[in-house]
Amino acid sequence: MTDLTYKLQRLSDYPVIPSTDRLIDPYLPLGGQIVLAALPKTFKTYVGLSWACCVATGHKWLERPVKKGKVLYIALESYYGVLRRKEAWRKKHGYSKEDLDNLVCVTVPINFAQEGSIERALRDLASQAFRPDFIVIDTWFKSTAGAKVSDQAEMTAALDRLTVFQKTLEEVTEFKDSLPQVTVLILAHTDKKGLDLFGSIAQFANCDVLYMLNRQEHALEVTLSCMGARDIEEPADLTIGLEKVVIETANGPEENLTVVKEVTIMDKPGSEIGKDHTLAKEVLAARGGAGFDQWYEETKSRRGGKLSTAIFTKVVKDLVKAQRVRHADIPNVWVDALGRERKSKGLYQVVSEGAERASA
């Protein structure tokens, strides 16, 4: 019985239903394969490296809980650039260089498109007594050199090798401080418009979480959006703020960016709030007031039918927190697009500009 490949499992086998643990709560499921996709110059390396630095030190990521562990960063796009960004993060958050020794880099690709590459990597990691808990691949394109990124079979084979690499490392048990599962972050490219993922959909169909980044030109902030997730609830959109930090280099002082904070509607003047916030406020103002469900459905319709309840809930919380919308515990009856009478508990209304300024 112990050698069965297809072992039957039943609900009664689980006195307690398992839950998904997190490496960084709620964004990175422990033991998952996560893809972070973006156009060039959209801060994907900064975001990925900030996750890596936080895991290596146990430092909270934007006040979110983090499990401390060892990190392998496969730096294939400007290693010196990675060093400078790492130094900027260290200086901003007050750590010593030795505090970041759990974050190691390699600059030679582990080529998941070729036979033998993961075996060499496993051997070299073992010889240096290093078992990573978190692996960052920067980038997937350079880690599959020689393969056709548009070929489903070749990309599926590369992902299979990545999974073998991940699971083989999880079987290493001689390090008592290791986390029980290895988490992988893949930094990937989008197409030139930043709308679609680059290459075969096979690269992303099997990932546990898919994120995309969106940055307005010249802005020192970027929005992280979850495009799909397994085993975890999709996190709401998050806007990440970066800051310039002066570091010392061989050529003298140099400015480098690092992730420093979550940007909320409270950080922005009224004229600069996000498109979703502006649209939601305009819909509410046009009606003079609405319950949550009615407000959501009309905003979703105005947005072309694409708006998750998680994103809209965050928008509503932001607007209420910024005192640009108020909520009154008043029963509200309305008719939806199908002519059905609906009831909502509580009425939302736009706060007048004069009241906004008075409360600021």
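Residue numbering for the sequence shown follows the numbering used here, beginning at -5 and increasing consecutively. Virtual Cβ for every residue (Gly too), placed ideally from N, Cα, C.
Local conformation of residue 53 per DSSP, three classes
Here residue 53 carries a coil assignment [DSSP, helix/strand/coil].
What span of residues does the beta strand (DSSP E) with residue 219 cover, start to end?
215 to 223
With a threshold of 8 angstroms, are at least 3 pairs of Cβ atoms found where one atom belongs to the segment 247 to 257 and the other to the segment 95 to 107?
no
DSSP three-state label for residue 310, please.
helix
Please name the residue or residues paired with residue 21 in a DSSP beta bridge.
The partner list for residue 21 (beta bridge, DSSP) is empty, contrary to what the question assumes.
Please state if the CB of residue 132 and the CB of residue 71 are separated by a distance shorter than 8 angstroms.
yes
I'd like to confirm the pairing. Which residues does DSSP put opposite residue 40 in its beta bridges?
In the DSSP output, where bridge partners are listed per residue, residue 40 has none listed.
For residue 99, which residues does DSSP report across the bridge?
67
Near residue 232, what residues of its chain come up, given a Cβ to Cβ distance below 6 angstroms and the 5 sequence neighbours on each side ignored?
Excluding sequence neighbours, residue 232 sits near 218.
Report all residues from its chain with a CB closer than 6 angstroms to the CB of residue 205; omit the five preceding and five following residues, and keep chain order.
30, 218, 220
Assess contact between the segment -5 to 15 and the segment 156 to 171, defined as three or more Cβ pairs (one per stretch) separated by less than 8 angstroms. Is contact present?
no
Determine the DSSP secondary structure at residue 348, reduced to helix, strand or coil.
With a pLDDT of 48 at residue 348, under the threshold of 50, the modelled position of this residue cannot be trusted, and the question is left open.
Is it true that the CB of residue 50 sits closer than 8 angstroms to the CB of residue 96?
yes
Output the distance between the C-alpha atoms of residue 163 and residue 181, rounded to the nearest integer angstrom.
Distance between residue 163 and residue 181, taken at the CA atoms: about 20 angstroms.
Taking all protein chains shown into account, decide if residue 209 is buried (16 or more other Cβ within 10 angstroms of its Cβ) or exposed.
buried
So, using beta-carbon positions, are residue 176 and residue 126 closer together than 8 angstroms?
yes
Considering only DSSP beta bridges, list what residue 240 is partnered with.
249
Would you list, in sequence order, the uninterrupted alpha helix (DSSP H) runs of no fewer than 4 residues that lie entirely inside the segment 106 to 194?
111 to 121, 146 to 164
Let me check one thing: in DSSP terms, what residues is residue 319 bridge-paired to?
344
Counting along the chain, where does the alpha helix (DSSP H) carrying residue 278 start and finish?
269 to 281
Which of the three DSSP states, helix, strand or coil, is assigned to residue 85?
helix
Go to residue 27, then tell me how far its beta strand (DSSP E) extends in each direction, as first and last residue.
27 to 32
Residue 80 by DSSP, collapsed to three states: which one?
helix
Proximity of residue 225 and residue 202 at Cβ, strictly below 8 angstroms:
yes
Nearest to residue 122 (by Cα), restricted to the options 169, 60, 285
169
Cβ-based burial, residue 307 [other Cβ within 10 Å; buried from 16]
exposed
Once you ignore the five residues that flank residue 76 on each side, which residues in its own chain have a CB closer than 8 angstroms to its CB?
Closer than 8 angstroms at the Cβ level, and outside the excluded window around residue 76, lie 39, 43, 67, 69, 99, 132.
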